[in-house]
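A quick write-up on the structure given underneath.
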Amino acid sequence: MFFLRVHILVSFVLGLCLGDVFSPNRDDLDIYGPLIAINDVILVAVNNYWSTILIEFLSDMDHINSDSDHFCSKDFDDELWYVYAVALGKNQSASNIFIVGEVADLEMSANLTGRTFVGVLSYTGSLTTINCDNLSLQYQFVENAFVHQEHLIMTTDPFGLVAYGFSNLFSFSYTAATNELIVHENSALTSELFMPFAVDYDGNQGIIAGFLPVNRTGRTYNKSLMI
Amino acid sequence: MNIVVGTMFIPAVTLFRVNMSTNIPTPISQWLYPIENVPSQMRLKENDFDTYEPKLGMSVSINPRATHALVGIQWLNTVLLFNYTTVALTLVALKNDGQETIGFGKNVAWLDDVTNSFAILANKYSISYAWISSQIYIYDSLLTNNSKPVSIIPNVEQPLLLSYYSYILINIISTPTSLLLFHDDGGIFIIYSAPKGYYASTIISDFPLNIPISSHVPCAPGTYKNVTGIVRCSLCPAGTKSDGTNATLTGCADCSTDAFCPAGSVTDSISNDMLDNIIQVVAYPKSPDISGLDDILFFTLFSIGSTPRCIVLSPIFWTLIITAVLLLITAITIVIKYCVNDSKANKIRRTYTTVFKRVDLIREGDMWAGGLATFAALVLCIACCVFSAKYYASYPIETAEPSTYTCDTSIRNAQFSTSLQSSAIPVSEEIQEMIDILNNQVVNLDIDFINTASNCTSNAGQLVFLSNGNSMPIALNPSCNTSNYIISYSALLPFREITVQLTISNLNAIGGLRIGLSAPGEKKSSTITLQDLNFSYTYYQTGRVLGHDIYSTLTLTKVINNTSPLASGDKEIFSGIWAGSFKMNYNSSFTLQSDYLTTAVDSTETRLTLVINEAPYYVLNEQSPIARLPEIVYHDFLFITTIIGMFVLIFVIVEVMILPCCSLLIRKCKRKSSDKYEDDNISHQSTASHSDSEKSQRHKHTHAPVIKQQTYF
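From first to last, the protein sequence lines stand for chains E and F.
Converting from the first sequence to the working numbering requires adding 84 to each position, the first position being numbered 1.
Converting from the second sequence to the working numbering requires adding 1 to each position, the first position being numbered 1.
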């Protein structure tokens with residue numbers, strides 16, 4: 085914790101000198117994407133304040149109230165991580181938990197690589213006898229250089245195989261099995277002016293909701309989004 | 002990219018597909034929120050997105066089976082339903098929850114892909130995003146522009162864990178059958194789908210080690226649930242019941258006829274007759290239209306009426322009967338005199354006529370027919386005396402029996418007046434004493450909750466009265482009785498003008514409410530009596546169930562009866578009682594069956610507030626006799642003489658007018674007969690004209706005495 089405080093202090097000083105740094109309120113659970121997800125197997129919650137991911141296996145309802153045998157937690161690899169959103173496949177049989185986030189304390193206006201990360205927390209053990217050691221976290225950073233993303237959302241297919249993310253500058257797809265992250269810059273779905281806020285995906289098609297600029301007549305500026 | 006001045010941001014919903022080979026999402030269709038539907042104060046500019054604003058948060062939930070998507074836009078208090086295909090995105094419904102607040106649609110979640118049920122997190126925030134409330138609306142079918150939720154969480158069966166968590170819900174996620182609630186402090190609760198006959202109760206006895214979850218609880222008596230899901234149990238419709246003893250039942254049983262069986266009924270053992278209000282006061286009668294004793298005697302004695310009973314009780318009817326008998330006797334007497342030569346019969350006739358002459362009051366002993374008429378007059382006179390005696394005794398109305406002695410059973414020797422008197426005006430000493438006694442009467446408050454599974458063991462009530470904004474206990478545990486699905490509370494009130502609150506812990510539906518006051522009476526003296534108090538009023542609505550916050554007013558009015566004495570010199574008699582007038586706003590105190598599930602009440606208490614006040618006036622009923630004894634004797638005497646005079650008048654009219662006319666007619670008839678005889682014999686008796694004339698004169702003379710003799714029969 086000492087090093088974290090020193091780091092935050094240094095980042096704050098750097099921010100004053102260089103510009104605003106990304107310093108989210110880690111107590112506020114109502115900002116950015118959903119920090120909780122559930123399906124019939126897993127309940128997962130991200131705690132940015134404690135830099136940890138909390139997992140409750142729901143395979144046996146009777147055990148939920150009685151003991152902590154079905155509870156696991158996994159710390160972030162870096163305390164500077166700030167997770168924007170977590171996603172689970174609705175009907176998944178594999179227990180893949182996707183996370184997307186950004187490293188804090190970086191200058192927001194700077195085009196930096198390694199700012200945004202996408203990862204998956206996979207459980208490969210038995211669902212009846214939970215062994216938290218079978219949890220493994222793998223992730224990738226967005227290697228392209230981007231400024232801070234204030235609007236970054238993510239969803240996954242019903243089986244939790246691939247995660248899809250959207251910001252106003254890029255979109256990505258992240259395959260859990262291969263730990264492969266593909267970033268699509270200037271895709272037809274992204275626009276500097278389109279502010280994505282929510283997304284859901286049924287495995288073939290998906291819906292993104294956000295805010296789009298229009299002129300006084302209601303026409304959009306972004307031709308790529310004018311269907 | 003810079004955008005021009007005047008640009009605004011509107012919600013946009015984009016349908017995309019993913020190329021499976023490249024994993025690249027590409028747009029298919031886009032829908033833009035109509036710019037004209039965005040209120041001017043809600044229009045967003047570019048700088049509104051410089052930092053993430055939670056108030057602009059949106060939510061999307063897809064139902065892949067039905068290819069429907071719900072989109073929540075809390076900034077515009079709107080939820081949209083889309084249908085999507087491989088090529089198009091179509092808006093199906095737009096549900097807006099008003100413009101006063103934001104937060105409706107903060108999150109959306111499908112609960113069942115088949116039945117299309119879904120949940121909406123309907124928070125309320127001010128425009129500046131200050132939290133007001135959090136509710137979850139449950140819908141059981143596809144959203145329409147006018148959809149109403151079938152259930153709202155929190156409710157009495159599914160309260161939120163506010164003692165552990167923050168009041169503020171920020172997220173709901175479905176599995177999809179179960180629903181996860183996420184509070185802004187990180188609190189989590191899982192509402193698991195409950196089978197038919199059970200509901201998912203969020204009431205937990207202790208805080209669980211890890212994650213609190215709902216439990217399956219059988220539907221409460223008076224409710225049922227015939228679907229699987231997180232919705233609460235529905236009220237049994239009016240006319241059906243459920244006593245809750247068989248949790249496997251997924252419906253309600255029909256009630257028997259004539260039973261009090263409103264929505265949410267537990268039993269049909271309470272008949273509608275048991276709901277009758279107990280009213281101790283009745284409207285004071287009006288004074289009779291005829292209040293003069295002469296008029297009353299006349300109309301009573303000389304009217305017959307139309308019903309058999311009235312005919313039998315009519316004095317004039319019996320007088321006519323006697324008259325008919327007398328006419329028969331008269332006819333027999335005439336027949337005996339002129340047609341029967343039996344001396345014995347004539348002797349009897351003469352004896353009768355002698356006797357009737359003796360009793361002749363009409364012609365003062367001159368005519369035996371007058372004696373007969375005397376009997377008819379006697380019938381009327383006796384009827385007059387009997388009626389007067391009974392009429393005199395028919396006072397006051399409180400003690401008088403129905404007037405079965407005459408056609409009109411409501412006839413009383415009493416006249417009435419009712420008036421409202423201001424309490425501010427000084428009154429007589431006697432009335433003031435009566436008022437003081439009424440004011441000092443200590444009353445008992447009786448409250449019944451009808452047709453409910455609640456009982457005294459689990460529903461200890463607390464009765465307080467409100468004083469200067471504070472709650473002062475009347476009885477921490479008012480006496481409680483449970484019988485036949487009626488739970489009764491009773492307590493002595495410290496004073497009468499009071500605002501009381503009865504609070505009971507209650508999770509069960511309540512069909513009706515009965516409120517009453519009771520107090521023993523007191524006979525202060527022989528002339529002043531305080532009546533027993535025991536009135537009640539029952540509130541119920543067939544299609545509604547009693548709400549959790551009931552407000553009723555009871556206005557008490559003094560009613561004082563002042564009865565004047567029948568005999569001169571006696572004292573006036575006073576009696577007093579409180580009359581209650583209840584008032585309740587049924588719309589606010591009773592919940593519609595359709596609104597029961599959507600009433601977001603998380604209180605497990607039922608609170609009745611009763612305001613008892615006193616009217617600033619009192620009702621003074623005054624009763625006095627129409628006729629006292631001397632008046633009745635005097636008027637009877639006058640009436641009897643009138644009856645006799647009437648008969649005399651009849652006889653005089655007969656003698657002076659009718660009989661002479663009859664005599665004249667008979668003479669004329671005789672003369673015509675004689676003239677004809679003379680014409681036939683004129684040729685044979687032409688010389689005997691003088692002697693015939695004499696005969697004729699003699700005939701006239703012989704006829705005249707006969708007619709005269711008939712006149713005096």
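Even for Gly, the Cβ is constructed at its ideal location relative to N, Cα and C.
Cβ pair residue i, residue j closer than 8 Å
i, j, result
"residue 268 of chain E", "residue 189 of chain F", "no"
"residue 508 of chain F", "residue 158 of chain F", "yes"
"residue 583 of chain F", "residue 545 of chain F", "no"
"residue 632 of chain F", "residue 302 of chain F", "no"
"residue 281 of chain F", "residue 575 of chain F", "no"
"residue 203 of chain F", "residue 113 of chain F", "no"
"residue 132 of chain F", "residue 103 of chain F", "no"
"residue 299 of chain E", "residue 15 of chain F", "no"
"residue 377 of chain F", "residue 320 of chain F", "yes"
"residue 230 of chain E", "residue 199 of chain E", "yes"
"residue 426 of chain F", "residue 512 of chain F", "no"
"residue 505 of chain F", "residue 570 of chain F", "no"
"residue 148 of chain F", "residue 226 of chain F", "no"
"residue 510 of chain F", "residue 224 of chain F", "yes"
"residue 398 of chain F", "residue 374 of chain F", "no"
"residue 1 of chain F", "residue 608 of chain F", "Summary: the structure shown does not reach residue 1 of chain F, with chain F confined to residues 2 through 714, and so no result is reported for it."
"residue 72 of chain F", "residue 291 of chain E", "yes"
"residue 141 of chain E", "residue 12 of chain F", "no"
"residue 639 of chain F", "residue 531 of chain F", "no"
"residue 78 of chain F", "residue 42 of chain F", "no"
For residue j and residue i, believed in contact at Cβ under 8 Å, the rounded distance
i, j, result
"residue 221 of chain E", "residue 187 of chain E", "The pair is not a contact, with the Cβ atoms about 15 Å apart (cut-off 8 Å)."
"residue 106 of chain F", "residue 128 of chain F", "About 15 Å; that fails the 8 Å criterion."
"residue 235 of chain E", "residue 279 of chain E", "5 Å"
"residue 288 of chain E", "residue 233 of chain F", "That belief does not hold up - the Cβ atoms of residue 288 of chain E and residue 233 of chain F are roughly 36 Å apart, past 8 Å."
C-beta neighbour in chain F for residue i, strict 8 Å
i, result
"residue 140 of chain E", "yes"
"residue 209 of chain E", "no"
"residue 235 of chain E", "yes"
"residue 173 of chain E", "no"
"residue 166 of chain E", "no"
"residue 217 of chain E", "no"
"residue 268 of chain E", "yes"
"residue 204 of chain E", "no"
"residue 107 of chain E", "no"
"residue 255 of chain E", "yes"
Close Cβ partners of residue i (< 6 Å) along its chain, the five nearest in sequence each way excluded
i, result
"residue 408 of chain F", "306, 311, 314"
"residue 240 of chain E", "171, 173, 182, 247"
"residue 489 of chain F", "449, 482"
"residue 120 of chain E", "129"
"residue 216 of chain E", "156"
"residue 354 of chain F", "369"
Same chain, Cβ closer than 8 Å to residue i, five either side skipped, listed in chain order
i, result
"residue 239 of chain F", "262, 263, 264, 266, 543, 544, 594"
"residue 133 of chain E", "110, 111"
"residue 115 of chain F", "66"
Residue-chain proximity (residue i, chain E), Cβ-Cβ < 8 Å
i, result
"residue 166 of chain F", "no"
"residue 120 of chain F", "no"
"residue 174 of chain F", "yes"
"residue 45 of chain F", "yes"
"residue 59 of chain F", "yes"
"residue 194 of chain F", "no"
"residue 142 of chain F", "no"
"residue 98 of chain F", "no"
"residue 13 of chain F", "yes"
"residue 18 of chain F", "yes"
"residue 145 of chain F", "no"
For residue i, the residue or residues it bridges with in DSSP
i, result
"residue 156 of chain E", "E/139"
"residue 420 of chain F", "F/621"
"residue 179 of chain E", "E/207"
"residue 535 of chain F", "F/519"
Neighbourhood of residue i by C-beta, 7 Å cutoff - its chain only, sequence neighbours within 5 removed
i, result
"residue 297 of chain F", "291"
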